[in-house]
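Asks: First the structure, then my questions, so here it is.
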Ligand code: SAH
Ligand code: TYD
Ligand code: ZN
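In the working numbering, the protein residues as written are 622 to 1026.
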């Protein structure tokens, strides 16, 4: 890819993580054969400033009947989406019969509250493994990739949507023109398209480079989203910074001229300009910090190993694929990763081939150190794992910098 997926402008590459596997491609322990590999590299568009992957993995290799990620695995995220649903019920979904659509509803973490409130809704979720879980909760889900054709079919069958929502999903979709054609076809004239994704400014500031993996094609900023909205006939009318997943922004888009943009939009645009967020030298500086972070983590783990300490991983996140493969961390360094997701347990992590074991393995016995790959859930996890610390165990964190706590 040498041109921008949004505007066709020139992409300037600023970071290369080398060859990487599918981040959710957990392997059977007896797996032999070649894993799918691609070059994980980042570029920025010199025209619309969108930061994006240079190469892309075909969507059906990632989102299918084996997709393991379950949104409801974190109690903080369950609360976050419950609150989100309650906000929508109070604001966008007050009219009788209002119709809400969610892209990438996963196991129904948000839609369950709308279903409970009796709101007409539809989830669009291509990964059958997770869509089935939502359906069993009584949520209406169609197992499809959202795109222009899907949107037109939904509009035909169900009428216009007052709300189209996507959490941690829009950045997973490369073909944005088709998405916006679909939003245009499906959204009611006064409806809103709301999405939330990891925020480029948080990634740069915290050196949270593990947000960069196959599924995340885009690293949005307010500047690039405003340009994208305008290009496709919409307007950015609201932004809200969110503390989840290491720092995100929730963007609200309306049809052009339908709503007055909130002051926060101009404020964040100005802030991004002042900090030169999407400038090439800022992003090159970010990548130097990434290399430094990698070197510090590798030397810490080497030192602990030389001292004979035991180290395990906590949370077999998609993010951890980038860290383990970029830093060259394998089972000789991190003997296993504890994870609560049934479809990850008993398997090997992609590329690095570290065994994934259920939570019970973590305390059997506790290791000396636990490398917290699910650092975005640090507060929740450290709070519930108090006995680990009491047993003398220590956490290794690498965001925003490498440290032991
Ligand atoms: N909204 C949930 C899930 C995020 S994971 C949360 O915030 O926790 C991203 C989800 O997007 C996955 O479940 C994946 O199957 C889905 N997805 C990927 N491509 C999609 C597309 N084109 N349309 C709709 N959903 C998609
Ligand atoms: P997450 O960081 O939400 O996303 P991603 O995979 O996209 O990087 O993934 C959290 C992972 O950590 C998930 O596999 C479940 C696991 N987990 C635990 O094992 N224990 C916990 O207490 C929590 C909150 C998550
Ligand atoms: Zn562009």
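Yeah, the Cβ is synthetic: ideal placement off N, Cα and C, and Gly gets one too. This one's a predicted model, so the numbers in the text were calculated from it and none came from an experiment.
#1: Between which two residues does the alpha helix (DSSP H) carrying residue 884 extend?
#2: Compute the distance between the beta-carbons of residue 721 and residue 783, then report whether it is under 8 angstroms.
#3: In angstroms, rounded to a whole number, what distance separates the CA positions of residue 1026 and residue 916?
#4: Among 820, 654, 642 and 1017, which has the Cα closest to the Cα of residue 925?
#5: Three Cβ pairs or more, each shorter than 8 angstroms: is that satisfied between the stretch 838-852 and the stretch 792-811?
#6: Could you give the DSSP three-state label for residue 859: helix, strand or coil?
#7: Can you determine whether any heavy atom of the ligand SAH sits closer than 7 angstroms to the C-beta of residue 746, and answer yes or no?
#8: Skipping 5 residues on each side, what residues in its chain have a beta carbon closer than 6 angstroms to that of residue 975?
#9: From the DSSP output, in three-state form, read off residue 978 for me.
#10: Return the chain-ordered list of same chain residues with a C-beta closer than 6 angstroms to the C-beta of residue 706, the five sequence neighbours on each side being excluded.
#11: What separation, rounded to the nearest whole angstrom, lies between the Cα atoms of residue 758 and residue 633?
#12: For the ligand SAH, is there any heavy atom lying closer than 7 angstroms to the beta carbon of residue 725?
#13: I need the residues with a C-beta less than 6 angstroms from some heavy atom of the ligand ZN; please give them in chain order.
#14: Go through the stretch 905-987 residue by residue and report every complete run of the alpha helix (DSSP H) that reaches 4 residues or more, in order.
#15: If I measure Cβ to Cβ from residue 727 and keep anything under 6 angstroms in the same chain, skipping five residues before and after, which residues do I get?
#16: Can you name, in chain order, every residue of its own chain whose Cβ lies under 6 angstroms from the Cβ of residue 670, other than the five neighbours on each side?
#17: Along the chain, where does the alpha helix (DSSP H) containing residue 709 start, and where does it finish?
#18: Looking at the structure shown, is residue 853 part of a helix, part of a strand, or coil, going by DSSP?
#19: Would residue 701 and residue 870 qualify as a contact pair, given that the criterion is a beta-carbon distance under 8 angstroms?
#20: Just verifying my parser: in three-state terms, what is the DSSP assignment at residue 754?
#21: May I ask you to verify whether the stretch 735-750 touches the stretch 654-673, counting CB pairs closer than 8 angstroms and requiring at least 3?
#22: Kindly indicate which three-state DSSP category residue 664 falls into: helix, strand or coil?
Replies: The short version:
#1: Counting from one through the chain shown, the residue named residue 884 turns up at place 263. Residues 884-895.
#2: Looking up residue 721 in the chain shown gives position 100. Looking up residue 783 in the chain shown gives position 162. Yes, the pair counts as a contact, with Cβ atoms nearer than the cut-off.
#3: Taking the first residue of the chain shown as position 1, residue 1026 is located at position 405. Taking the first residue of the chain shown as position 1, residue 916 is located at position 295. In a straight line, the C-alpha of residue 1026 is about 19 angstroms away from that of residue 916.
#4: Position 304 of the chain shown holds residue 925. Ranking the options by Cα distance to residue 925, first place goes to 1017.
#5: At 8 angstroms Cβ cutoff, the stretches touch.
#6: For the purposes of this step, residue 859 is taken as residue 238 along the chain shown, with counting starting at 1. Reduced to three states, the DSSP call for residue 859 is strand.
#7: Counting from 1 along the chain shown, the entry for residue 746 is found at position 125. Relative to the ligand SAH, the beta carbon of residue 746 is positioned inside 7 angstroms of a heavy atom.
#8: Reading the chain shown from its first residue, position 354 is the one you call residue 975. Within the same chain, Cβ atoms closer than 6 angstroms to the Cβ of residue 975 are found at 952, 955 and 958, the five residues on either side in sequence being excluded.
#9: Taking the first residue of the chain shown as position 1, residue 978 is located at position 357. Residue 978 falls in the strand class under three-state DSSP.
#10: Here residue 706 is taken as the residue at index 85 of the chain shown, counted from 1. Correct list, in chain order: 731, 734 and 735.
#11: Here the question's residue 758 lines up with position 137 in the chain shown. Here the question's residue 633 lines up with position 12 in the chain shown. The straight-line gap from Cα to Cα measures roughly 45 angstroms.
#12: Taking the chain shown and counting its residues from 1, one reaches residue 725 at position 104. Under cutoff, so the answer is yes.
#13: 625, 627, 628, 630, 666, 668, 669 and 671
#14: 940-948
#15: By one-based count along the chain shown, residue 727 stands at place 106. Closer than 6 angstroms at the Cβ level, and outside the excluded window around residue 727, lie 692 and 751.
#16: Within the chain shown, the letter at position 49 stands for residue 670. These residues qualify, in order along the chain: 844, 845 and 899.
#17: The count along the chain shown starts at 1 and reaches residue 709 at position 88. Element bounds for residue 709: 696-711.
#18: Residue 853 sits at position 232 when you count from the first residue of the chain shown. Coil.
#19: As a first step, residue 701 must be located in the chain shown, where it is residue number 80. As a first step, residue 870 must be located in the chain shown, where it is residue number 249. In this structure, residue 870 does not lie closer than 8 angstroms to residue 701 by Cβ.
#20: Within the chain shown, the letter at position 133 stands for residue 754. Helix at residue 754.
#21: Between the stretch 735-750 and the stretch 654-673 there are fewer than three C-beta pairs closer than 8 angstroms, too few to call the two in contact.
#22: Translated into positions along the chain shown, residue 664 becomes position 43. Correct three-state label for residue 664: strand.
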